[in-house]
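Terminal number for the sequence shown in our numbering: 367, no gaps in between.
Glycine included, every Cβ here is placed at the ideal spot set by N, Cα and C.
These numbers were taken from a predicted model, which means no experiment stands behind them.
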Amino acid sequence: MNADRRAYSLPAMKLDRLEVRLLKLPLRFPFETSFGVSTHKEFLLVSAWSDGVVGHAECVADVDPFYLPETNVTALHILKEFLAPAVLGVDFEHPRELLALFSRVRGHPMAKAAIEMAAYELLARQKGVPLYKVLGGRGGTVESGVSIGLQKDVGTLLEKVDLEVAAGYRRVKIKIKPGKDRKLVAAIRERYPELRLMVDANSAYRIEDAPLFRELDAAKLMMVEQPLAWNDIVEHAELQRQITTPVCLDESIHSLEDARHAVAIGACRIINIKVGRVGGHTVAAAIADHCLRHGVPVWCGGMLESGIGRLHNVHLQTLPGFTLPGDTSASSRYFEEDLIDPPVTVSPQGTVAVPEGVGIGHEIVWSRVQRATAHMEVLR
Ligand code: OSB
Ligand code: MG
């Protein structure tokens, strides 16, 4: 190690304790997609300790494997049996090294990301700076859009759109599925010809449905998100060749390699980066960087996170390349009472202020965490 490196590097990190809590928070409204309905947000909260300092992150796995394969139970298993033993007591200088420590474990990016993200927040707290500084981002504000789930009828959907447009959000995304697609888009377009509008299919269609998407080209959508299978890239490229609306990939991107392959074969013109889906902040930043160099805009997706995960997303979204509004909307769209104080709020201009406090930058209200905790494990 040369003198410069010593002068600028921090004391090595060594995780000496991991706490994993299973939390269950009621959602204010059921959230319906092509793959199911959620009434509660159930997730693992991971706290990583090093020498008395702690960082927190949430795992974006769900109760069921309907979005992607991981669940809370598989994530807890992988964390306990494989990831914690690979990292506890091991010296490392920076959270970017964690993915290599986990490399023997194939897959399970959501479980890996939870520890890696907690380690980034820990690093920010060790340094006494906001999370965005250790991620390489900037302060200021980020632009937020909204994701509106499937509704019982078109009238109810239009009411929701009215509310979100009035609140100032920078773009509206609606969920679609076969039989609930063109009519929804047509109704919104009729009322809002200029709205920045997009649709998310969560893998509900097949390449044979290409004519539907050619029809939707006329609606001038910002993008169509994840129309085809969760593990497909090749048929998305085929679809993208047939339509003018940009395809955006969500479920299909689990790593930097996936993003490189998708960009290389033209499977999408936009990528939704979810830090948990790709294995952590290091990979998320690498994908954003790759896309920036290849002229592919990216945006930060969401997974109905509590304020803890939501703020990780806000900080991540300040990196170069995140040029489109994210799914980083206000806590109050999902939760009566968030786990953080203050909650995430959105300005009338549809922006979220990037916190300047240490780490995620808002206080975690531990009494609320405790009330929501169904199970807790300490790994050391
Ligand atoms: O596909 O982006 C998705 C929520 C859960 C699972 C998948 C998705 C979503 C959302 C909501 O669209 C985004 C949010 O507001 O958190
Ligand atoms: Mg999506």
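{"Item": "Beta-carbon proximity of V152 to T338, cut-off 9 Å", "Value": "no"}
{"Item": "Cut-off 7 Å between Cβ atoms - residues of its own chain near A272, not counting five sequence neighbours on either side", "Value": "L122, G123, L306"}
{"Item": "Residues bridged to S25 [DSSP beta-bridge criterion]", "Value": "F18"}
{"Item": "Three-way DSSP call (helix, strand, coil) for A361 in this model", "Value": "strand"}
{"Item": "E292 Cβ short of 8 Å to the ligand OSB heavy atom set", "Value": "yes"}
{"Item": "Burial state of S25 (16 or more Cβ within 10 Å)", "Value": "buried"}
{"Item": "Check: E343 C-beta below 8 Å from any heavy atom of the ligand MG", "Value": "no"}
{"Item": "Rounded Cβ spacing between L14 and H27 (contact assumed at less than 8 Å)", "Value": "6 Å"}
{"Item": "V133: CB within 8 Å of a non-hydrogen atom of the ligand OSB", "Value": "yes"}
{"Item": "T411: CB within 8 Å of a non-hydrogen atom of the ligand OSB", "Value": "Beyond the ends of the chain as shown, which are -12 and 367, falls residue 411; an answer cannot be given."}
{"Item": "Boundaries of the beta strand (DSSP E) in which E177 is found, first to last residue", "Value": "Not the beta strand (DSSP E): E177 falls in the alpha helix (DSSP H), residues 169 to 178."}
{"Item": "Cβ pair count under 8 Å reaching 3, the segment 278 to 297 against the segment 305 to 322", "Value": "yes"}
{"Item": "Collapsed DSSP secondary structure at L311 in the structure displayed", "Value": "coil"}
{"Item": "Coil, strand or helix - V40 by DSSP", "Value": "strand"}
{"Item": "Which of helix, strand or coil DSSP assigns to G346", "Value": "strand"}
{"Item": "The ligand MG heavy atom lying under 8 Å from the CB of D187", "Value": "yes"}
{"Item": "Beta-bridge pairing of I260 - partner residues as DSSP gives them", "Value": "C287"}
{"Item": "Simplified DSSP assignment, three categories, for L182", "Value": "coil"}
{"Item": "Range covered by the beta strand (DSSP E) that runs through E238", "Value": "Per DSSP, E238 belongs to no beta strand (DSSP E) and is neither H nor E."}
{"Item": "According to DSSP, residues forming a beta bridge with E212", "Value": "D187, C235"}
{"Item": "Beta-carbon contacts of A249 that lie in its chain and below 6 Å, excluding the five residues immediately before and after", "Value": "I220, L236, C255"}
{"Item": "The ligand OSB heavy atom lying under 8 Å from the CB of G155", "Value": "no"}
{"Item": "Inter-residue Cα distance where the pair is L86 and I175", "Value": "43 Å"}
{"Item": "Stretch pair the segment 344 to 361 + the segment 188 to 195: three plus CB contacts closer than 8 Å", "Value": "no"}
{"Item": "Backbone secondary structure at A(-10) - three-state DSSP", "Value": "Residue placement at A(-10) cannot be trusted, given a pLDDT of 42 that sits under 50; what the coordinates show is reported in the next sentence. Reduced to three states, the DSSP call for A(-10) is helix."}
{"Item": "Cβ-heavy atom distance, E378 to the ligand OSB, below 8 Å", "Value": "Coverage of the chain is limited to positions -12 through 367, which leaves residue 378 absent and any answer about it impossible."}
{"Item": "CA nearest to the CA of H349, picked from M363, H299, E364", "Value": "H299"}
{"Item": "Sub-9 Å separation of E212 and V172 beta-carbons", "Value": "no"}
{"Item": "Reduced DSSP secondary structure (H/G/I, E/B, other) of P13", "Value": "strand"}
{"Item": "A188, buried or exposed, once every other Cβ within 10 Å from all chains shown has been counted against 16", "Value": "buried"}
{"Item": "Collapsed DSSP secondary structure at P198 in the structure displayed", "Value": "helix"}
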